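Working notes, beginning with the structure itself.
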Amino acid sequence: MAILEILEFPDPRLRTLAQPVQEVDDRIRNIVDDMFETMYEAPGIGLAATQVNVHERIITIDVSEDKTEPLVFINPEIKVLEGELETMQEGCLSVPGFYEDVTRIEHCLVNALGRDGRPFEMECRGLLAVCIQHEIDHLEGKLMVDYISPLKRKRIKDKLEKKHKLEARQGKD
Ligand code: QAP
Ligand code: CO
Numbered sequence: 000m001a002i003l004e005i006l007e008f009p010d011p012r013l014r015t016l017a018q019p020v021q022e023v024d025d026r027i028r029n030i031v032d033d034m035f036e037t038m039y040e041a042p043g044i045g046l047a048a049t050q051v052n053v054h055e056r057i058i059t060i061d062v063s064e065d066k067t068e069p070l071v072f073i074n075p076e077i078k079v080l081e082g083e084l085e086t087m088q089e090g091c092l093s094v095p096g097f098y099e100d101v102t103r104i105e106h107c108l109v110n111a112l113g114r115d116g117r118p119f120e121m122e123c124r125g126l127l128a129v130c131i132q133h134e135i136d137h138l139e140g141k142l143m144v145d146y147i148s149p150l151k152r153k154r155i156k157d158k159l160e161k162k163h164k165l166e167a168r169q170g171k172d
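Under numbering that gives the first Met the number 0, the letters of the sequence shown match residues 0 to 172, in that order.
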């Protein structure tokens, strides 16, 4: 297992459209395991493969209190279940240090393949529903900051670019 580098906004690679996984094999399971290690270490509650520069449709999530409920979604398909909307303050490992209100569907049905390649269906509400939508957005090249005002987005971009320049000069870690 390995901790992978997380791409940060405004890295253009975060805009890549992820491709469907053709077969859930050991190569994919390796990516899944590395994504969990990276997500738990961060720490985060959700990670899309796009964020670690793997452009395949893979998501890891764990919204449990004690971080003991890892969920894997490969080739996820989402279906809206109710018209209810929910506004939640979201964070993103690719937009570190910034938290913004985003409005999303509160109740959805997700179909995906698990780590074993078997299809499953999961009804999602609350934080899990919000998180899966946030992560599916990543697979489409979409980010949380796309939902906020252009002015706010520009301020976040400038601040993160400044941070990246500093890190490049000082050397990370
Ligand atoms: C997506 O985000 C999410 O800024 C997952 O400095 C978040 O795990 C969906 C994180 C909230 C719904 C609600 C962010 C860690 C983690 C940061 C994350 C940071 C360190 C974000
Ligand atoms: Co994110």
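Glycine included, each C-beta is placed from N, C-alpha and C at the ideal position. Nothing here was measured: the structure is a model prediction, and the numbers come from that model.
A Cβ-Cβ distance of about 18 Å is found for the pair ASN74 and LEU127, leaving them out of contact under the 8 Å criterion. In the DSSP annotation of this structure, the continuous segment of the beta strand (DSSP E) that includes ARG124 starts and ends at 118-124. Annotation for GLY43: LEU92 place their beta carbon closer than 7 Å to its own, counting only its chain and skipping 5 residues before and after. Nearest Cα to GLY82 within the set ASP100, ASP65, ILE60 and LEU108: LEU108. Cβ atoms of MET38 and GLU89 stay farther apart than 8 Å, at about 15 Å. In this structure, the CA atom of LEU6 is about 27 Å from the CA atom of GLU85. Three or more beta-carbon pairs drawn from the region 128-141 and the region 41-59 are found closer than 8 Å, and the two stretches are therefore classed as touching. In the structure shown, the three-state DSSP call for PRO95 is coil. For ASN52, the secondary structure class from DSSP, reduced to helix, strand or coil, is coil.
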